[in-house]
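Mind the numbering: the sequence shown is residues 14 to 259 in the numbering used here, read in order. Note that the Cβ used here is the ideal one computed from N, Cα and C, for glycine as well. Here the structure comes first, spelled out in structure tokens, and everything after it is commentary.
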Amino acid sequence: MRGGAASLCGGIMSERRIIGGDHRVTADQHLLDVAHEEEWKQRAAWRIMKFQAEFVEGFDAMEEADLGDAIGVYGSARTPVDSEEYKLGVELGRKLGEAGFSVITGGGPGAMEAANRGAVEAGVKSVGLGIELPFEQGINEFVHIELDFKYFFVRKVMFLKYSRGFCALPGGFGTMDELFEALTLEQTGKVGKFPIALIGTAYWGGLVDWLRDSMLGQGKIDPKDVDLLKVTDDLDEAVEHMKQAG
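Rendered as structure tokens:
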């Protein structure tokens with residue numbers, strides 16, 4: 014972990030921590046490449062130490078952050094700053110902050126930046142859990158506490174361990190990945206009461222219809238599984254739903 018200079022941002026200590034390095038070929042790409050493991054440092058068994066180090070450093074940083082109750086907010090990095098969706102994300106982050114929640118995002122631009130921005134405006138801790146990618150994305154400027162991870166699965170653990178619930182703004186594959194990870198853990202009882210709110214009925218309605226008509230209709234899930242999702246356009250309702258975390 015490389016610690017950067019600490020600074021004050023909105024009255025809250027800001028800290029940058031990079032877990033791992035900055036590479037064009039990512040650690041995940043190396044991990045999943047079975048064709049080039051000649052070098053001992055690239056062998057799968059040796060990577061266990063890298064995983065362990067990233068977990069230890071991540072846990073230490075998040076514990077030091079002392080977030081209290083926090084909510085994870087997902088959403089697209091492609092959301093334009095001048096869009097209504099971006100404004101919605103800012104308002105969501107602000108309302109979560111006003112309700113006493115810290116806000117955790119993937120730290121990127123778009124919807125993630127919007128939620129972090131709202132958290133800063135509300136005066137609560139704003140966290141960005143970045144990820145090493147083959148293209149440059151960067152951490153947005155509205156993050157007090159920044160961690161950059163090499164491995165997606167370590168980053169997911171940090172999201173799930175330190176969030177009491179999730180709010181999903183309109184997003185793409187990454188948002189879906191994180192959403193269904195959380196749904197699976199709650200469905201299988203791996204986590205306690207973990208509220209999930211999907212913000213935007215027009216955007217998410219088709220997905221929920223498919224879950225109900227196809228998955229439930231063909232007996233792949235139970236009726237109660239569909240109820241794990243709260244779909245709403247009302248941010249106050251979403252925030253109240255987050256308070257149901259157990």
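Between the stretch 197 to 205 and the stretch 157 to 172, the count of C-beta pairs closer than 8 Å stays below three; the two stretches do not touch. Between the C-alpha atoms of G218 and E111 there is a straight-line separation of about 28 Å. One Cα belongs to R130, the other to G88, and the distance between them is close to 14 Å. In the DSSP assignment, no residue is bridged to K100. Taking the Cα of A74 as reference, the smallest distance to any Cα among H157, G184, A127 is reached at H157.
The beta carbon of P208 is closer than 6 Å to those of G178, H254, M255, Q257, A258 in its chain, skipping five residues each way along the sequence.
Between the alpha carbons of F193 and L173 lies a distance of about 12 Å.
The DSSP-derived three-state label of K63 is helix.
At a Cβ-Cβ threshold of 9 Å, T188 and L196 do not count as neighbours. Using a Cβ distance threshold of 9 Å, C180 and L109 count as a contacting pair. With 16 or more other Cβ atoms inside 10 Å of its own Cβ, M125 counts as buried.
Note on G113: under 16 other CB atoms within 10 angstroms of its CB, so exposed under the neighbour-count rule.
Just so you know, the alpha carbons of K237 and G81 end up roughly 30 Å apart. The Cβ atoms of A128 and V103 sit closer than 9 Å to each other.
Burial of G71 is indicated by the presence of at least 16 other C-beta atoms within 10 angstroms of its C-beta.
Going by beta carbons, I234 and L224 fall inside the 9 Å limit.
Rounded to the nearest whole angstrom, the CA to CA distance from G184 to M62 is 33 Å. Less than 9 Å divides the Cβ of A132 from the Cβ of R107. Exposure of K206 is indicated by the presence of fewer than 16 other C-beta atoms within 10 angstroms of its C-beta.
Contact annotation: G119 and L105 have beta-carbon atoms that are not nearer than 9 Å. Scanning the stretch 94 to 149 from its first residue to its last, the whole alpha helix (DSSP H) runs of 4-plus residues come out as 97 to 111, 124 to 135. Shown here for A135: same chain residues with a beta carbon closer than 6 Å to its own, the five before and five after excluded, namely R107, G110, E111 in chain order. If you compare the alpha carbons of V252, E76, K100, G123 with that of R91, the shortest gap goes to G123.
Bridge partners of A181 according to DSSP: Y87, L211.
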